[in-house]
Every structure is written in C-alpha cells, then in structure tokens.
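The structure under discussion appears below in the form of structure tokens.
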Amino acid sequence: MKHLLVAVVLVLAVTQAVFADMRDTTYVLDPILVTATRTETERRNVPGSVTVLSAERLLATGATDVLSAVAVASPGVFITENGPSGFGLGDGSAGSITIRGVGGGTPNDQVLVMVNGQPDYTGLFGHPLPDAYALNEVERVEIVRGPASALYGSGAMGGVINVITRQATKPGDRITLRTDAGPWNTINGEMSALGRHGAFDYRVSASHTRTDGHRDDAAFERSHVSGDLAWNAGAWTIRTSGATTPFSGSDPGPTYGVAGMDIDVTRNRGSVGVEYDGRWFATEGMFYRSWGEHDFTNGWHSTDYVEGATAQFDYHVIGEGTISTAIDYRRYGGEAEDTSTNPVYDYGSHESSEFSATLSAVLPIGDRLSLVGAARAQNHSEVGWTFSPEAGMSVHITKTLTIRGSASRGFRSPSMRDMALFPASNTDVKPEEVTNIETGAQWKPLDWLATEVSVFRTTGDNLVVLKTPPPPPPRFVNTGSFTNSGVEAEARWMLSRLHGSLSVSRHEIGKTINTDGGIPVAVIGAPKTTVGFSLGTRVERVRLTVNYRYIAGMYGPDSNDADSLPDRLDDYGVLMLSASRPVFSYLSASVTLRNVLDTKYETMTGYPMPGFHATVGLSATLER
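For the sequence shown, the working numbering begins at 123 and goes up steadily by one.
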C-alpha cells in the first residue's frame, strides 16, 4: 500500500505540471484491424476483445523486449521474466505467455505468436520464441484475447499475438539509431532503415543486446537482423522478408537451488508473399518457413522447422462487407539427440502436417449492426479432423456506444513432445480444446477518451498432462480441464499534452483438474488481478512517461517443497519513470528509472527481479 501511495503522488505531480497549460484536444481514433478477422476491419465492428499497440506505445512502456511491452500495455496478457533483458529457452527460462489464464507451463504452447501473419513457433515443442523479435522492427502489435482457431488453427487457444513489421509509407529514406546502457554491463543498440523509391520499398533492422545479469551466471546476449523488400504495381504487391536471431544465455537457477544450463540458439524465418487489392475482390498468398538449432550444455541438441503456405480470397459485398475463403497448409517437425550420453542418444526425426479450409465473413448491416463469423475445418496427419467455429455481433447503440458479444472455440493439436519425442509421448493423445463466451462494450464519451469493458468465461477440456504412476510408466494423456472467467476494463485518453491509459483485469483462474483424480494444479504465470497505468506528457521540450503495474494472485513453478505444487508468489507493484529531451534536431537523450520503488518481486519462483536501477540512452533519426 505504501508503494501504491507513492506512485499516486508521483502521477498527480506530473499531471498537475501540465494541466495548467493544456488547451488543445486530439482524438482517439478507431483503429483498423487485420488479425481479428483476417481482413481490414474497423475496431467497432469486431465483436471480440482486441488490443492494438503502436510502436510508440510499446516503446513508452520502457520494456526491452516486444512481448514484455505487450504484456505491460495489454489487459489480460502476462509474460514471465527473470532478468533485465532476454528470456532464454528450455528449463529455467522465462517468456511463458498467458492470455486470460490460458497458456503458461512448459512448454508454453497455447498462445499463437505470428509475424505478419506467419506462425512462429518451434517445430518440436510448439512454443513461441520470445527472444526472436526486436522493438525497432515493429510497426504495431495486434492482440486477440480469446480463442482464434477458427481463423488461425492450432495453437490459438488462448489468443493470438501478431507482430506487424514496419513498412515505408512515403518516398525517401529514414534511418533510426538507438542505444541505451545500464548496470550489469547491460547494453542495447538498434539500427533501422526503411525507404520507398518508385515501385520499391525496403526495410533493414539490426539490433544487439547483452547483459551480465543482476545475478551470478545470468548473462544473456542476442543479435537480431531482419528485413524485407517489396515491389508495388498498382493493386499488386510482391513482398519477401527474412530474419535471423542468434542468442545465448545462462540460467542462474532458483535461489533455493543450483545454477541451470547454458544455451546457444539460432532462430531464422523467411517468407515470400503476393497481394492483390481490387475494388470488389482481393487475394493474398504466402510461402513461409521458420527453422532453428538449439544447443544446451545438458547435452540437448535439436533442429526443427515450421513451413507452409496460405492463400486467402476476399469478396467485397454490398457496403463494407467481406466474405473470405482461405486454405492453409502447414508442416512441422525436427530431430533431437542427447550428446551427454555415450553413445549419443537419438530421439529420432519426426514430422506432422495440417491442412485447413476456412470460411469467414464480416457483414455490417446498416449503421447499427455488424455480424462476424468464421468456421475452420482442419485435418491433422495424426489426429484427423478438428472443427472450429466462431460467431459474434456488434450493435452500435449510438455513434459513441457499441455493445458486442461473441462465442468461439479453440484448439491445440498435439506437439511432437506429446506424441513422439520422449518415452512418455503417446500417439493416442487428442487436441486440447477451449470454448469462450464473452460480451463487452465500447464507449467514447468524449473525442479524446475511449473506454472498453469485457466479461468472459472460458472452459477447457482434453488438456494434455503427464500422468505419473501408478500404473507405470508415466505418459502424456488427455485428462485436464479448467474454467476461467473474468472482467477486463480499459480507458485511453489523448490530449495535446497528456495521453495515457488505465486498465484493470480481474480473473478467476480455475485450477487444472485431472478428470481421473488427483490434486487440482494452479496455472503458472497467470495473475488473478492486474492493474496497469500509463501517463505521458510534455513539459517544455521534455517528454515524461510514467508506467505503473500491479500484479496479485499469481503462482510460480514448484520450489521443490513438500506439496510438489506451484507456489503462490507475493503480490507486487512496479513503477517506472522516463524522460527524454532533444539535444539537436535529429538527436535525443533519455533516462529511465526502473523499479523506482525498489520492489522485491518474482514472476518465477526463486528468480528475483532487479531492484531499482537506471538506464540512459540516445536516439537519432535521419531522413532524406
């Protein structure tokens, strides 16, 4: 409570400094979404819960990673962390994502992360790669909270996070440089260049991050290079993109245990796509592949891949309506070995494939009603057919008030870990399933103020869990179920010198129940209560930003105590302050105070987060 009072005082002080000189009003605009319907749609016509985060909003969080920024700025989303930078991979790593309590655990395979619509996860375990994205390549991130398998198939049980990279929108070139440094030899450097010349546009982004970590044996280092090149000819666009991310790190282990392993990982992705956007018809297609190699000091070595093709056909009907059909083919797998044994233990080479067909529609009816629906039929090479529908409606009561409701079904096909990779793997496992029902409202009482509230209930079944003896041996089986529910509310305001947001999430996270008996198990990394506050302003030439986040009711991994169950973590609040000022017309300097209240907290059991510390930075932008 003391920390919360200090945070409130600081916020009021910043607010008072600018209210006296505030005259003009700006507008909170209704964004155009892509991820929620797979076609461009106004937010007010989308019946589900969606958050759109611009690059500026992501940077304003003060986070050093894309997904950390998403978790700070989006209600209902959480990601575990264990240090000042980087997440790592394997046992002891951070980066476990939950949306509304779905996800978490090991592996973290119930939330789908995409880059420009390309699914990005490991081919053997099915989990995303939080270290494979850099802030300087991002234009915006769209987050769908709730199942989206009707549009995106397996893995979109809890929701979807779609990272959309930057593109040049006007002729000329633009180069941005940014660097910052802090304690523990923490250094981050970024460069991005993008431009448009005639029919061509390009982007090149590069970044490098390193830190010794705030604990012994907690070093992390990552390089990231990405880019794309496009040719535009009227209604046609051909675009190719690619990225590579080598990273390495050390796991210091929990405070009650011993140090973990070191990792050396390289992840890559690439795609080629074509788009046509006509008056009555639009189509797009893409070939993509992501692949990687993992080396751990415990002897684990693996290579994996995810590759596929997608084609979508949009038919523009009367008004602003769109009916779409899509087909998707995806193949994934890999091979692994344990080099610590003599002879080397071979886990084998494994592969699965999926083929899907989707029909979807966005149908505004007059000025008052919008209907949205989708259905997907997917055939998996091992588990057969799965069907996923979703439907919803938005009713525009007035120009400023919209009531919405939706129902959707999501699923996750078994991964190689579940079916084939280990002795506990089981070829008889079936897809995990969730059903979500929600309602909500959007209200814009003033031009500069937008509010939104959502109420949901999610039930899950057929969760894959490791069933231990008796009888032996342990095997992965479909026996878990859960029920989650909650309320999420958010307000966003944008005045000439004062902008920000306030979000509150209250979730009842049901423990996973084994239908054949056993003790209910709490979901890891899924807070019951989340409060997020952001405030930005300008005083003279100085830009000030305040971010505060409060987390309560969260569990972390078991600390090897007597009950062998997840441990309840302490509630906490973290405050961050930052200030930036132009030095020259093209150069700005900044200072960021992190964990200002020096809060002692963990998001993973036994992995304390850094206390109060500061980072300083420079950024430059050159245009011609």
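The beta-carbon is built from N, C-alpha and C at its ideal position, and this holds for glycine as well. The structure presented is a predicted model; accordingly, all values stated were derived computationally and were not measured.
Quick check on DSSP: helix, strand or coil for residue i?
{"i": "Pro252", "result": "helix"}
{"i": "Ala340", "result": "coil"}
{"i": "Val661", "result": "strand"}
{"i": "Arg145", "result": "Model confidence at Arg145 stands at a pLDDT of 44, short of 50, so the residue's coordinates are unreliable; what they give is reported in the following sentence. The answer is coil: DSSP assigns Arg145 none of H, G, I, E or B."}
{"i": "Ser190", "result": "helix"}
{"i": "Gly585", "result": "Looking at the sequence provided, one finds Leu at residue 585 rather than Gly. Three-state result, Leu585: strand."}
{"i": "Ala272", "result": "helix"}
{"i": "Glu745", "result": "strand"}
{"i": "Asp540", "result": "helix"}
{"i": "Asn284", "result": "strand"}
{"i": "Glu512", "result": "strand"}
{"i": "Asn669", "result": "strand"}
{"i": "Glu203", "result": "coil"}
{"i": "Ala216", "result": "coil"}
{"i": "Glu259", "result": "helix"}
{"i": "Glu612", "result": "strand"}
{"i": "Glu560", "result": "strand"}
{"i": "Asn390", "result": "strand"}
{"i": "Arg222", "result": "coil"}
{"i": "Arg165", "result": "helix"}
{"i": "Arg619", "result": "coil"}
{"i": "Glu178", "result": "helix"}
{"i": "Ala648", "result": "coil"}
{"i": "Ala195", "result": "helix"}
{"i": "Tyr677", "result": "strand"}
{"i": "Ala401", "result": "With the sequence shown as reference, residue 401 is identified as Arg, and Ala is not the correct amino acid for it. Reduced to three states, the DSSP call for Arg401 is coil."}
Return yes when the Cβ of residue j is within less than 9 Å of the Cβ of residue i, no when it is not.
{"i": "Tyr677", "j": "Gly647", "result": "yes"}
{"i": "Gly217", "j": "Pro241", "result": "no"}
{"i": "Ile221", "j": "Arg267", "result": "yes"}
{"i": "Arg332", "j": "Gly739", "result": "no"}
{"i": "Ser412", "j": "Gly392", "result": "yes"}
{"i": "Gly658", "j": "Val645", "result": "no"}
{"i": "Gly226", "j": "Gly608", "result": "no"}
{"i": "Ser510", "j": "Pro269", "result": "yes"}
{"i": "Val587", "j": "Val626", "result": "no"}
{"i": "Ala122", "j": "Asp693", "result": "The shown model of the chain, from 123 to 746, leaves out residue 122, and the question about it has no answer."}
{"i": "Leu485", "j": "Thr447", "result": "no"}
{"i": "Phe322", "j": "Arg539", "result": "no"}
{"i": "Phe533", "j": "Glu560", "result": "no"}
{"i": "Asp583", "j": "Glu554", "result": "yes"}
{"i": "Ala290", "j": "Arg318", "result": "yes"}
{"i": "Ser710", "j": "Ala742", "result": "yes"}
{"i": "Leu175", "j": "Ser190", "result": "no"}
{"i": "Gln500", "j": "Ser516", "result": "no"}
{"i": "Arg663", "j": "Arg619", "result": "no"}
{"i": "Asp231", "j": "Ser537", "result": "yes"}
{"i": "Tyr469", "j": "Gly245", "result": "no"}
Which partner residues of residue i appear in the DSSP bridge assignment?
{"i": "His518", "result": "Thr524"}
{"i": "Tyr729", "result": "Partner(s): none; Tyr729 has no beta bridge."}
{"i": "Arg120", "result": "What the structure shows of the chain is the stretch from 123 to 746, and residue 120 is not part of that stretch, so it cannot be assessed."}
{"i": "Asn501", "result": "Phe477, Trp507"}
{"i": "Arg716", "result": "His735"}
{"i": "Asp350", "result": "Arg325, Ser363"}
{"i": "Tyr454", "result": "Val428, Ser474"}
{"i": "Pro486", "result": "Ser492"}
{"i": "Arg300", "result": "Glu312, Ser741"}
{"i": "Ala290", "result": "Its beta-bridge partners do not exist; DSSP assigns none."}
{"i": "Ile635", "result": "Ser603"}
Is it right to say residue i is buried, meaning 16 or more other beta carbons lie within 10 angstroms of its own, or is it exposed?
{"i": "Gly441", "result": "exposed"}
{"i": "Thr765", "result": "Within the shown structure, residues of the chain are numbered from 123 to 746, placing residue 765 beyond reach of any answer."}
{"i": "His621", "result": "buried"}
{"i": "Lys722", "result": "exposed"}
{"i": "Asn307", "result": "exposed"}
{"i": "Val466", "result": "exposed"}
{"i": "Thr287", "result": "buried"}
{"i": "Val282", "result": "buried"}
{"i": "Asp436", "result": "buried"}
{"i": "Thr520", "result": "exposed"}
Assuming residue i and residue j are in contact, meaning their beta carbons sit under 8 Å apart, how far apart are those beta carbons, in whole angstroms?
{"i": "Ser530", "j": "Asn558", "result": "5 Å"}
{"i": "Arg296", "j": "Glu745", "result": "5 Å"}
{"i": "Val188", "j": "Val260", "result": "6 Å"}
{"i": "Ala182", "j": "Val168", "result": "Ala182 to Val168, Cβ: 24 Å. No contact."}
{"i": "Glu429", "j": "Arg453", "result": "5 Å"}
{"i": "Pro206", "j": "His336", "result": "6 Å"}
{"i": "Met408", "j": "Thr432", "result": "5 Å"}
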